[in-house]
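So this note's numbering is basically just the index in the sequence shown, starting at one, shifted up by 48. The beta-carbon is built from N, C-alpha and C at its ideal position, and this holds for glycine as well. Quantities reported herein were computed from a predicted structural model and do not represent experimental measurements.
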Amino acid sequence: MGKIILTGDRPTGNLHLGHYVGSLKTRIELQNQGDFDKYYIMIADTQALTDNAKNTDKVKNNLIQVAIDYISAGIDPEKVCVFIQSMVPELFEITGYFMNLVSLSRLQRNPTIKDEIKQRKFEKSIPIGFLNYPVSQAADILAFNANLIPVGEDQLPMIEQTREIAHTFNNTYGELFGNVEALLPKKKICARLPGLDGKLKMSKSLGNCIYLCDDEKTVREKIMSAYTDPNHIKISDPGQIEGNIVFSYLDAFCEEKHFAKFLPQYKNLDELKEHYQRGGLGDVKVKLFLNDIVQELLTPIREKRKELEKDIDSVYEILFKNSQKAREVAQKTISKMKNLIGINYANFLKK
Ligand code: TRP
């Protein structure tokens, strides 16, 4: 079997820099390397509804936003099948068969689910659909027999659970699903980019994000207000790098070429860090450097977005066409599953 890549995002907000370094960048690189047989990116609207059942407008409005974010960041829908989860109802059917292979307590032990339940303050009223979303995520992946999943670190428990489900299915009914591997970003800082406020994670619910669609002024203001070292008051004070968000972002985004272009007094990030730690380097200078780097990344994305926004219909059309293609693949998988489960009744006809 060849290399089949699949990944996705919930459409609950615009994509931000955490998404970009955590997964989008890798996705674009994979696309441009071209070393794959099939490549899917799913906009996980049904998964988003598992904790937004009464908030459908949010999901509906963000679906097209996320599609625009993908394409303007460099995903080419001619090369990658970008599709809408709810337009592939077969995924629900597969989920149904998988649900019989997973225990309630196993779901309750999933660390990501546990965190999210706490965050959302569900207490004792956890929607069944929400608790079950790792099973539905396994269906998303296995419907396409995907074996490489580029994701951020928080998705590892989902991949682990997918592997278990594939294994249980194969053991129970016969070999069908292959191995599933997560692909994490190379730099550790990119796997979980901290928020502007210094919190552990950039996350729309924490309101500490720089969005791919933020305009130039907003990005600059956000960077200028980012959390640094609270004890670095005078320029001459020695500064701390650990927990200093501006340096965390430089770790994630800065390359040597940026120094030649924007800050030629320094050769590389080590030199800059060293000066900051020694004292004599002000926050503003470092922030302006970061701003130059981030603006350089976001400017072409913003321009492409403007173009796409003029013709939203054609973005929807791409999504619809791709969802149809995805359906056909998922239908084949269901047929194979039913054969193995022993409920493909059409096979029982004598003639
Ligand atoms: N759970 C992912 C998120 O929170 C979205 C998602 C749904 C996904 N199905 C997937 C990711 C399948 C990778 C593979 O953003």
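So if DSSP puts residue i in a beta bridge, which residue, or which two residues, is it bridged to?
| i | result |
| --- | --- |
| P198 | L231 |
| C424 | Since the displayed the chain opens at 49 and closes at 399, residue 424 lies outside it and no answer follows. |
| H306 | None, per the DSSP bridge assignment. |
| H64 | Y259 |
Throw me the rounded Cβ distance for the residue i and residue j pair, which I believe falls under 8 Å.
| i | j | result |
| --- | --- | --- |
| C302 | I349 | With a Cβ gap of about 18 Å, C302 and I349 do not count as contacting. |
| P205 | T160 | 5 Å |
| S371 | F131 | 4 Å |
| S120 | R326 | Not a contact, Cβ separation roughly 40 Å. |
| I360 | I112 | 6 Å |
| Q203 | A230 | 7 Å |
| S383 | G200 | Going by Cβ atoms, the distance from S383 to G200 rounds to 33 Å, so no, they are not a contact pair. |
| L244 | I293 | 6 Å |
| L63 | D117 | 4 Å |
| V193 | T381 | One detail in the question is off: residue 193 reads as Asn in this sequence, not Val. Contact holds; Cβ gap of about 7 Å. |
| S134 | T104 | Actually they do not touch by this definition, with Cβ atoms about 11 Å apart. |
| Y9 | L65 | Lying before the first or after the last residue shown, residue 9 is absent from the chain, which here runs from 49 to 399. |
| N158 | P182 | 5 Å |
| T98 | G177 | 4 Å |
| A378 | A191 | 4 Å |
| P175 | A92 | No, P175 and A92 are not in contact; Cβ-Cβ is about 16 Å, not under 8 Å. |
| L241 | V69 | 6 Å |
| N180 | L196 | Their Cβ separation, rounded to whole angstroms, is 24 Å, which puts N180 and L196 out of contact at 8 Å. |
Is the Cβ of residue i closer than 7 Å to any Cβ of chain C?
| i | result |
| --- | --- |
| Q372 | Looking for chain C here will not work: only one protein chain is present. |
Under DSSP, the alpha helix (DSSP H) around residue i begins and ends at which residues?
| i | result |
| --- | --- |
| I213 | L204 to Y221 |
| D105 | T104 to A121 |
| I174 | First-last for I174: undefined, no H or E at that position. |
| T143 | E138 to M147 |
| H280 | Segment: none, H280 is in no alpha helix (DSSP H) and carries neither H nor E. |
| D361 | I360 to I389 |
| E355 | D331 to E357 |
| L97 | D93 to L97 |
| P159 | P159 to Q167 |
| P182 | Y181 to L190 |
| F295 | I293 to F301 |
| L317 | L317 to R326 |
| E395 | Reading off the sequence, residue 395 comes out as Asn, not Glu. First-last for N395: undefined, no H or E at that position. |
| I76 | K73 to Q81 |
Please list the terminal residues of the continuous beta strand (DSSP E) segment that includes residue i.
| i | result |
| --- | --- |
| I53 | I52 to D57 |
Assess contact between the region 322–339 and the region 87–99, defined as three or more Cβ pairs (one per stretch) separated by less than 8 Å. Is contact present? no
Inter-stretch contact (C-beta, 8 Å, three-pair minimum) for the region 222–233 and the region 251–268: no
Counting pairs of Cβ atoms below 8 Å between the region 276–287 and the region 310–330, do you hit three or more? yes
Taking the runs of the beta strand (DSSP E) that are 3 residues or longer, which of them lie wholly in the region 236–263? none
Are three or more beta carbon pairs between the region 250–262 and the region 312–319 nearer than 8 Å? no
For the region 181–201 against the region 139–157, do three or more pairs of beta-carbon atoms, one drawn from each stretch, fall closer than 8 Å, so that the two count as touching? yes
Is the region 157–173 close to the region 123–141, with three or more CB pairs under 8 Å? no
Decide if the region 210–224 is in contact with the region 50–65; the criterion is three or more beta carbon pairs, one per stretch, under 8 Å apart. no
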